[in-house]
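2 protein chains.
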Amino acid sequence: MASETVVQSKTQLAYTWIKERISDGTYTPGYRLVLGQIAKALDVSVVPVREAIRLLESEGLVTFEHNVGAQVAMHDETEYLYTMQTLSLVEGAATALSAPHISAADIDRARTINEQMIECLQHFDPHRFTELNLEFHSVLFENCPNPHILDLVHRGWGRLTVLRDSTFSFVPGRARESVLEHEQILSLLEQGADSLAIELEARAHRTRTLDAFLDYQERRHHEVP
Amino acid sequence: MASETVVQSKTQLAYTWIKERISDGTYTPGYRLVLGQIAKALDVSVVPVREAIRLLESEGLVTFEHNVGAQVAMHDETEYLYTMQTLSLVEGAATALSAPHISAADIDRARTINEQMIECLQHFDPHRFTELNLEFHSVLFENCPNPHILDLVHRGWGRLTVLRDSTFSFVPGRARESVLEHEQILSLLEQGADSLAIELEARAHRTRTLDAFLDYQERRHHEVP
DNA sequence: ATATCACAGATCGTATACGATCGGTGATGG
DNA sequence: CCATCACCGATCGTATACGATCTGTGATAT
Chain A
950 MASETVVQSK TQLAYTWIKE RISDGTYTPG YRLVLGQIAK ALDVSVVPVR
1000 EAIRLLESEG LVTFEHNVGA QVAMHDETEY LYTMQTLSLV EGAATALSAP
1050 HISAADIDRA RTINEQMIEC LQHFDPHRFT ELNLEFHSVL FENCPNPHIL
1100 DLVHRGWGRL TVLRDSTFSF VPGRARESVL EHEQILSLLE QGADSLAIEL
1150 EARAHRTRTL DAFLDYQERR HHEVP
Chain B
950 MASETVVQSK TQLAYTWIKE RISDGTYTPG YRLVLGQIAK ALDVSVVPVR
1000 EAIRLLESEG LVTFEHNVGA QVAMHDETEY LYTMQTLSLV EGAATALSAP
1050 HISAADIDRA RTINEQMIEC LQHFDPHRFT ELNLEFHSVL FENCPNPHIL
1100 DLVHRGWGRL TVLRDSTFSF VPGRARESVL EHEQILSLLE QGADSLAIEL
1150 EARAHRTRTL DAFLDYQERR HHEVP
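Protein sequences appear in the order of chains A and B. So for the first sequence, my numbering puts the first residue at 950; every next one is plus one. So for the second sequence, my numbering puts the first residue at 950; every next one is plus one.
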């Protein structure tokens, strides 16, 4: 009875399959998700596919219109703003709530990750940088004792995944600031800072990324009218 | 073309039907939601019922287990704590984000509601009190320009609805404090206070209710061992 | 040329059907 | 008498089927 064959439901199968295709860019924002197509591709019926799509809808990765169908969520600038704002809120809280449960070993691990991020900057590896960024923050918020808040954080990151590498590639120079701010957060955690201080710093870290993005967009817009 | 007959989907029908039964207490926490039963009661097939249940699951009103079925979510003390903590977070933020868009008329309206709440205290009408409490806070957060955060607030309140009248009935005396704190929040809004100040005050308002509840439980537990 | 309408193909929403899985009950053995 | 196992009914998960609805295209009228 060592390893039982885990029978995952077809719904689960469709869910992860679609999510993967959205994440890796096969299905770009706006792409129409046709039930019959996906069902045939996965060799399942439309029912579980439909269910999977509605799950993705509830996570905001997909939009759904009655009697029309589903498509990969469009992430315009406003949508990005909403997501980042929400994530700054819940991630800040999750980090603060995690703080009391974070060990010195965790902080070491985070610091190692942050150093790898610096290397990515030097070798210009935006994709790996983004991956490491998630790993870094995961160390900081995964100990959050409130599963609801933790779930919201995961959903927020899930949405961002649709705009892969956005942090890094869209606003040059921001990544460099980012790793410095990471160190700042770590030192707050090390010195056992006040919960609110940690929350606000973690929140500000993300807010600054958002602001940098908006500024950058604004500037680009002025340069090329 | 004045009023078209709005054809709501059977899924929508099942969704609201079940949600209502959960809210009004017909389906108490732990009640097993059997697909076939509900389908027959509504004279629809199991497919839309299933979809409705999964929607409710994603809102946390229902728990679902593969190959076993669904039941109305159990709200033990821990679950209540998680929900209140999350709601304090998102509601605080929503209130702060709404602040710049709140008019003097809105504040008047909120104050009127708060006065009605005081009357409820005198006539001991907990049910109406709870209703008004939602109305009061709605005035404060409904102008939130971030729809994601607003949605999270609605979901949080939705979860609380399962434990109706909890604030009022479970912890005596707290309701009286509550209306005073409402006035405090209103005055912050009137004087155009700092966004963070508003957020933290709105957050603390809810946190205090949670703390009062936990204290009260603790005390009851000691009295009756 | 533009607007309106009707039709056709594609796709969705839901009913029905059936095999798969779970939980409980009674028989069997210790 | 208690533990284990086999069976059965209840319920779930998913395939298939079909009517309902939407979107786009081409014909017609202004």
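Ideal Cβ placement from N, Cα and C applies to all residues, glycine included.
Item	Value
Whole-number beta carbon distance between Ile-987 of chain B and Ile-935 of chain B, since they are thought to touch under 8 Å	For residue 935 of chain B there is no data in the structure shown, the boundaries of chain B being 950 and 1174.
Own chain residues within Cβ distance below 7 Å of Tyr-980 of chain A, not counting five before or after	Gln-1020 and Val-1021
CB contact below 9 Å: Ala-1042 of chain A versus chain B	yes
Cβ shell of Glu-1139 of chain A (< 7 Å), same chain only, five flanking positions each side left out	Ile-1056
Residue-chain proximity (Asn-1092 of chain A, chain B), Cβ-Cβ < 9 Å	no
Distance CB(Arg-1152 of chain A)-CB(Ser-1037 of chain A) smaller than 9 Å	yes
Close Cβ partners of Val-956 of chain A (< 8 Å) along its chain, the five nearest in sequence each way excluded	none
Residue environment, Val-1017 of chain B, which counts as buried when at least 16 other CB atoms sit within 10 Å	exposed
Local conformation of Leu-982 of chain B per DSSP, three classes	strand
Closer than 7 Å at the beta carbon, the chain A residues around Ser-1144 of chain B	In chain order: nothing, as chain A lies at least about 12 Å away.
Contacts that Ser-1087 of chain B makes with chain A (C-beta to C-beta distance below 9 Å)	Going along chain A, no residue has its Cβ under 9 Å from Ser-1087 of chain B, so there is no contact; the nearest lies around 19 Å.
CB contact below 9 Å: Gly-1107 of chain B versus chain A	no
Run of the alpha helix (DSSP H) containing Gly-1041 of chain A, from where it starts to where it stops	1026–1047
Closer than 8 Å: Asp-1055 of chain B CB and nearest the ligand COA heavy atom	As far as ligands go, the structure on display features none, and thus does not contain the ligand COA.
Arg-1003 of chain A: contacting residues in chain B (beta-carbon distance under 8 Å)	Glu-1000, Arg-1003 and Leu-1004
Cut-off 8 Å between Cβ atoms - residues of its own chain near Leu-991 of chain B, not counting five sequence neighbours on either side	Lys-959, Leu-962, Ala-963, Trp-966 and Val-998
Residues near Arg-1104 of chain B in its chain [Cβ-Cβ closer than 8 Å; skip 5 each side]	Glu-1008 and Gly-1009
Pairwise C-alpha distance: Arg-1108 of chain A and His-1015 of chain B	26 Å
Contact with chain A by Gln-1133 of chain B, beta-carbon distance below 9 Å	no
Whole-Å CB distance - Ile-1134 of chain B paired with Ala-1042 of chain B, under 8 Å assumed	Ile-1134 of chain B to Ala-1042 of chain B, Cβ: 14 Å. No contact.
Three-state secondary structure assigned by DSSP to Gly-1105 of chain B	helix
Local Cβ density within 10 Å of Arg-1155 of chain A, reported as buried at 16 or more and exposed below that	buried
Burial state of Pro-1121 of chain B, where buried means 16 or more other Cβ atoms lie within 10 Å	exposed
Sequence-distant residues of its chain with Cβ nearer than 7 Å to Glu-1000 of chain B (five each side left out)	Thr-960
Closer than 8 Å at the beta carbon, the chain A residues around Pro-1096 of chain B	Tyr-1031
Where Phe-1073 of chain B falls: helix, strand or coil (DSSP)	coil
Own chain residues within Cβ distance below 8 Å of Leu-1145 of chain B, not counting five before or after	Ala-1045
Distance between Asn-1095 of chain A and Glu-1167 of chain B (C-alpha atoms, nearest Å)	20 Å
Thr-977 of chain A, DSSP secondary structure in three states	coil
CA nearest to the CA of Gln-1065 of chain B, picked from B:Asp-1164, B:His-1131, B:Ile-1147 and B:Gly-985	B:His-1131
Beta carbon proximity, Ser-1127 of chain B to chain A, threshold 9 Å	no
Those residues which DSSP pairs with Phe-1013 of chain B across a bridge	B:Ala-1019
Reduced DSSP category for Glu-1008 of chain A - H, G, I as helix; E, B as strand; rest coil	coil
Below-9 Å beta-carbon distance, Ser-1047 of chain B vs any chain A residue	no
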